[in-house]
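Below is one structure, written out as structure tokens, with a few remarks after it.
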Amino acid sequence: MKNASSVKTPSDQDKETITLIESIAREVRKDIDTGVLPSIKLPARGLDNVTYDEMKGYLELCGAHKLRTLTVNTARSFAQTLRLMATSRAMVESNDFATKREAYYISKNWGDCRFDEQAESDAIMDDIEAMASMHGLSREQLRFYPESHGGSVAGRLTVIDKDSATGRSIEIDCANLGSGAYSIPRSAEHLSFRTDARFVLAIETGGMFQRLNNHRFWETAKCIIVEMGGVPTRATRRFIRLLSDTQDLPVYCFVDCDPYGFTNIYRTLKVGSGNAAHVNRFLCVPQARFLGVTPQDILDFGLEDATHPLTATDVKRARDALQNDPFIKANPAWIAAVEQLLKMGVRAEQQALAKWGLNYVIDQYLPRKLADESAFLP
Amino acid sequence: MAQISSDKQTRVPTAIELASRQREISVSEFFLKNRHLLGFDTPAKALVTAVKEAVDNALDACEEAGVLPEIVVHVRDRLGKARVVVEDNGPGIVESQIARIFGKLLYGSKFHKLSQSRGQQGMGISAAGMYGQLTVGKPLHIISRTEGDELASELYVSIDTANNRPDIHKKRRVEWDCPHGTRVEMEMEGHHQTGPHSVEVYLKQTAIANPHVSITYVDPHGKETQFLRCADTLPPRPKEIKPHPHSVELGRLIQMLSNTTSRSLMRFLVDEFSCVGKKTAIEIIKRAGKPLTDRSYPAHIAHAQAAALHRAIQKTRVLAPRTDCIVPIGEPQLLEGLRKELAADFYTTATRPAAAYRGNPFQVEVGMAFGRPGEPDIEVDAGGHMRRKQKAQHASTVEQLIAPKDEPVRLLRFANRTPLLYQQSSCAITKAVIQTNWRTYGLHQTKGSLPIAPMAILVHVASVWIPYTSESKEAIEPYPEILKEIKLGLQQCARRLAHYLRRELHLRQEYDRRAHIERYLPHIGAALQDILALSDDERDSTVNMLDDVLHTSRTTRRSKP
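Top line first, the protein sequences correspond to chains A and Y. The numbering of the first sequence is this note's numbering, which starts it at 468 and goes up by one. The numbering of the second sequence is this note's numbering, which starts it at 4 and goes up by one.
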């Protein structure tokens with residue numbers, strides 16, 4: 468099994484990863500030798516240190532750093548950081564990987580230094596990841612993979628993958644998977660694509676994806692449909708980003724008309740999350756635009772009686788977005804949309820369109836929306 | 004009448020018949036029946052009390068004569084019969100006085116003068132003799148020699164309890180190898196026990212409060228224990244004082260009036276009392292009102308006028324009593340005493356300024372010994388490294404005077420340098436300790452009880468007249484003035500203790516912090532080795548280096564304790 472990977476020379480990125488880890492370890496050792504308490508410089512990951520740059524199109528960390536100096540409070544995490552970095556280096560060398568859960572279990576062999584809960588190892592991992600991202604390296608290059616799988620893909624797309632055993636390339640035709648769909652892998656870095664689609668349609672719910680896939684909506688609309696399943700996972704976001712970047716495709720987002728759909732699902736897909744601000748530059752999909760369901764759609768498509776009142780959480784989330792979300796605040800169209808929603812006091816799900824018939828969404832709604840891209844929200 | 008006389012059991016005695024049964028009770032007879040009042044209630048307690056009375060007398064005698072006391076105590080215990088021998092190097096007793104001192108209750112030198120001494124009633128040793136006489140029927144055996152005397156006097160004395168008179172059984176002159184001193188031997192029903200109420204603890208506590216005394220103790224098993232002196236000078240002699248007017252009860256005042264040699268009330272007030280000058284005397288007499296004048300003849304003052312005089316005295320502002328008549332142990336001496344007899348980590352002592360209760364001057368001293376040997380301690384070396392060290396275990400088998408960690412503190416109570424072993428709960432000292440809020444000083448304490456700590460608290464109350472709760476002199480009456488002074492002394496020491504505890508806590512926390520960091524050092528070493536492909540030697544030297552860096556940085560950051 469390992470033959471193929473050991474034959475393969477480490478890529479430039481792997482060399483960079485090793486160089487980075489070694490340079491940090493060398494700094495620590497130098498500090499010790501000169502009689503200074505060693506410290507590791509890490510980007511601060513708090514929300515205070517997150518900004519939205521409209522030109523770049525994603526949320527990113529500002530310059531603030533935290534210095535993890537070896538003290539009573541940090542002794543444990545200091546040792547853990549170094550040990551996790553050592554693990555990462557070993558995995559790069561042997562071309563292996565560990566899921567976050569596995570990384571947590573690796574530590575069980577570290578004695579006093581072990582992680583008691585996965586939340587601990589995740590936090591340390593995020594620190595290392597943030598530091599690596601400052602040097603243009605992603606978590607995948609550190610060989611730490613997320614546990615959650617990606618969403619599903621169907622439509623006019625051929626994914627070109629490699630057989631991990633033989634290195635032979637494999638082509639997957641996403642138009643030929645019957646009623647099933649292609650499942651996005653944890654790491655999409657090595658994939659390449661071939662497509663004649665005009666756009667990518669990112670869909671919030673699995674049900675809506677099923678409907679569009681079963682009726683081969685992508686065939687007539689000449690598109691690729693992606694199921695996000697709520698807030699898109701990193702793998703899904705990275706996949707859409709790579710697809711959009713390499714094939715120069717616009718991305719349209721089709722989610723529920725509620726504050727969660729706007730600020731959590733769509734916002735995360737487009738500009739990334741505050742929590743993972745250090746990696747948003749790899750994951751964000753700045754090309755994304757919001758197809759629907761917009762508050763205006765509720766009026767335009769006569770869905771007023773298929774709505775639910777906004778819950779207290781919804782209202783709070785909406786007001787919070789207006790006040791604090793740098794992305795919403797930077798876009799007047801979004802401010803207007805959220806305010807309109809608040810004024811209407813209702814929310815509408817994608818499935819509300821079924822009021823006019825199960826396939827109303829395919830026959831009427833999507834074609835009408837796609838006919839006027841200028842009506843999409845930014 | 005006939006009916007009543009027929010029934011002898013219920014016949015009411017006549018007053019004349021009653022009068023025939025009424026007769027004088029001698030003090031000796033009274034105490035024979037009420038021996039618990041003098042501390043002879045159980046055989047175990049009787050033994051300790053007997054030793055205590057003899058040792059107190061010996062110490063008082065030595066100090067009065069200016070001799071550094073050397074006391075030898077032998078206790079033998081055979082089948083519930085105990086023999087106590089107490090020998091001192093004091094001035095000895097003139098032969099003619101020996102019988103009365105040991106064979107008559109309430110005969111002594113200390114009752115009628117106001118001066119700080121251990122004994123004050125003239126009852127203790129003769130009561131011990133009487134107890135022996137009662138339980139085993141043996142008289143006291145006394146040998147005494149005054150300095151310069153060729154031979155010592157040997158007497159066997161018992162008490163004629165009916166008349167409270169000494170009964171001399173045998174008297175002769177004997178050779179004795181001691182140049183001067185007194186040896187008392189008594190036999191009694193007694194039981195030797197160990198623990199907090201033992202002869203050994205009593206002598207040990209005596210040694211703490213009397214660092215100028217050397218005591219040799221031979222217990223019933225023949226084991227000899229030495230309590231050596233650590234001070235080679237006698238404490239200054241307490242001065243004898245006249246009573247302060249506010250300390251005198253009406254009855255005493257009447258007695259003083261009839262006994263005085265002064266020929267006028269004015270002279271009486273000025274001569275028989277301390278702190279009374281002519282001005283104060285005039286004020287008192289004026290306040291007492293007619294018919295009393297400054298020329299009234301003291302012995303002729305009637306009861307009503309004496310009562311008025313007493314009221315006037317109480318109402319008149321009089322200078323606080325002189326306090327130079329009190330001789331405290333002294334902070335450094337007490338500290339030395341604690342150090343030599345108790346193994347602890349922290350000692351502190353405080354001597355309060357003298358104060359007065361009801362016209363009687365008194366002075367309070369407090370000492371504390373904290374920490375039990377044998378428990379782990381932390382030491383810091385010059386390089387700033389810290390390690391746990393095991394303290395040397397104290398080899399002594401003597402009852403630990405310092406409480407274990409989770410028990411109430413041990414109280415060492417003293418009155419005029421004499422340990423008080425019994426009736427702890429009714430004593431002013433205990434009350435003051437309980438009423439002090441120890442939580443302020445970092446100790447655990449449930450409301451209304453002693454604090455919990457590995458500690459001994461010593462409290463010494465010195466006074467010309469200690470207000471004991473009973474004749475057996477086991478507890479001090481809790482007068483508000485005395486309570487207040489004890490509490491102030493306790494607080495003074497407790498503040499220093501709290502300071503020490505805080506420092507200890509910091510040290511312990513610092514140690515824990517370092518131990519915490521040190522746990523992770525090997526992991527930092529291992530990680531660096533993995534990443535940088537270091538050899539084991541390189542790794543170890545890096546870890547050692549890091550250990551040093553850590554200690555120097557933490558030491559420099561901490562201010563020196």
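A virtual CB, placed ideally from N, CA and C, is assigned to each residue, including glycine. Since the model is a prediction, treat every value here as computed from it, not as a measurement.
With respect to the alpha helix (DSSP H) encompassing residue i, which residues constitute its N-terminal and C-terminal limits?
| i | result |
| --- | --- |
| Y/H77 | First-last for Y/H77: E73 to R81, but that is the beta strand (DSSP E), not the alpha helix (DSSP H). |
| Y/A131 | G127 to T138 |
| Y/Y360 | Where Y/Y360 is concerned, there is no enclosing alpha helix (DSSP H), although the beta strand (DSSP E) it sits in stretches over A358 to Y360. |
| Y/E275 | L268 to E275 |
| Y/V87 | That residue, Y/V87, is in no alpha helix (DSSP H); its beta strand (DSSP E) goes K84 to D91. |
How many whole angstroms separate the CB atoms of residue i and residue j, which I take to be in contact at a CB cut-off of 8 Å?
| i | j | result |
| --- | --- | --- |
| A/M592 | A/L551 | 7 Å |
| A/L658 | A/T484 | No, A/L658 and A/T484 are not in contact; Cβ-Cβ is about 20 Å, not under 8 Å. |
| A/T519 | A/V738 | Note on residue identity: the sequence assigns Tyr, not Thr, to residue 519 of chain A. Yes, they are in contact, since the Cβ atoms of A/Y519 and A/V738 sit about 6 Å apart, within 8 Å. |
| A/E694 | A/G673 | 6 Å |
| A/V813 | A/T774 | 4 Å |
| A/G524 | A/C751 | 7 Å |
| Y/I162 | Y/S129 | 6 Å |
Do you know whose CA, among the options, lies nearest residue i's CA?
| i | options | result |
| --- | --- | --- |
| A/I488 | Y/E513, Y/A530 and Y/F349 | Y/A530 |
| A/P613 | A/F564, A/R683, A/G645 and A/K575 | A/F564 |
| Y/G95 | Y/I145, Y/I128, Y/G140 and Y/V87 | Y/I145 |
| Y/T421 | Y/A234, Y/R38 and Y/T52 | Y/T52 |
| Y/K293 | Y/T319, Y/I244 and Y/A309 | Y/A309 |
| Y/H526 | Y/E513, Y/L508, Y/T545 and Y/H172 | Y/T545 |
| Y/G362 | Y/E27, Y/I437, Y/P248 and Y/V54 | Y/P248 |
| A/A819 | A/T625, A/T548, A/G617 and A/D725 | A/D725 |
| A/G824 | A/A800, A/F768 and A/Q807 | A/F768 |
| A/I627 | A/F660, A/D498 and A/S650 | A/F660 |
Tell me which residue opens and which closes the beta strand (DSSP E) that residue i is part of.
| i | result |
| --- | --- |
| Y/G184 | G184 to E192 |
| A/V718 | V718 to F721 |
| A/L668 | F666 to I670 |
| Y/K173 | R168 to V177 |
| A/C690 | C690 to E694 |
| A/T662 | S659 to T662 |
| Y/F349 | F349 to T354 |
| A/D520 | V517 to D520 |
| Y/H526 | Premise fails: Y/H526 lies in the alpha helix (DSSP H), P483 to L535, not in any beta strand (DSSP E). |
| Y/L461 | M458 to S466 |
| Y/I162 | A155 to D163 |
| Y/E368 | N363 to F373 |
| Y/V416 | Position check: residue 416 of chain Y holds Arg in this sequence, whereas Val was assumed. Residues R413 to A418. |
| Y/R442 | Where Y/R442 is concerned, there is no enclosing beta strand (DSSP E), given that its DSSP letter is neither H nor E. |
| Y/P422 | T421 to L423 |
Starting from residue i, follow its DSSP beta bridges and name the residues at the other end.
| i | result |
| --- | --- |
| A/K836 | Partner(s): none; A/K836 has no beta bridge. |
| A/M726 | The displayed chain sequence assigns Pro, not Met, to residue 726 of chain A. A/P726 is not bridged to any residue. |
| A/P510 | A/H532 |
| Y/A478 | Its beta-bridge partners do not exist; DSSP assigns none. |
| A/S619 | A/S650 and A/E694 |
| Y/E227 | Y/V221 |
| Y/K408 | Y/K408 is not bridged to any residue. |
| A/F611 | A/A565 |
| A/T433 | Residue 433 of chain A is absent from the model: chain A starts at 468 and stops at 845. |
Tell me whether residue i counts as near the ligand SAM, meaning its Cβ is closer than 7 Å to at least one heavy atom of that ligand.
| i | result |
| --- | --- |
| A/L549 | The ligand SAM is not part of this structure, which contains no ligands at all. |
| Short-range partners of chain Y found in the region 624-637 of chain A, where Cβ spacing is below 7 Å | none
Against chain Y, which members of the region 545-571 of chain A pass a CB distance test of less than 9 Å? F545, A546, Q547, T548, L549, R550, L551, M552, A553, T554, R556 and A557
For the region 791-825 of chain A, enumerate the residues whose C-beta is nearer than 9 Å to any C-beta of chain Y, in chain order. none
Under 7 Å (Cβ pairs) to chain Y, residues found in the region 480-494 of chain A: I488, E489, A492 and R493
Give me the subset of the region 525-539 of chain A whose CB atoms are less than 8 Å from a CB atom of chain Y, sorted by chain position. L537, T538 and V539
request  = Mind checking the region 572-587 of chain A against chain Y and listing, in chain order, the residues whose C-beta falls within less than 8 Å of any C-beta there?
outcome  = W577, G578, D579 and C580
- Query: At a Cβ cut of 7 Å, what residues of the region 514-527 of chain Y count as close to chain A, listed as they run along the chain?
  - Reply: R516, H519, I520, R522, Y523, H526 and I527
Output needed in chain order: residues of the region 184-205 of chain Y with a Cβ under 7 Å from some Cβ in chain A. none
Could you list the residues in the region 539-555 of chain Y with a C-beta less than 8 Å from some C-beta on chain A, going in chain order? T545, M548, L549, D551, V552, L553 and T555
Problem - Residues from the region 501-514 of chain A in contact with chain Y, defined by Cβ distance under 8 Å - result: G502, V503, L504 and P505
Could you name the residues of the region 495-514 of chain Y whose beta carbon sits closer than 8 Å to any beta carbon of chain A, in the order they occur along the chain?
none
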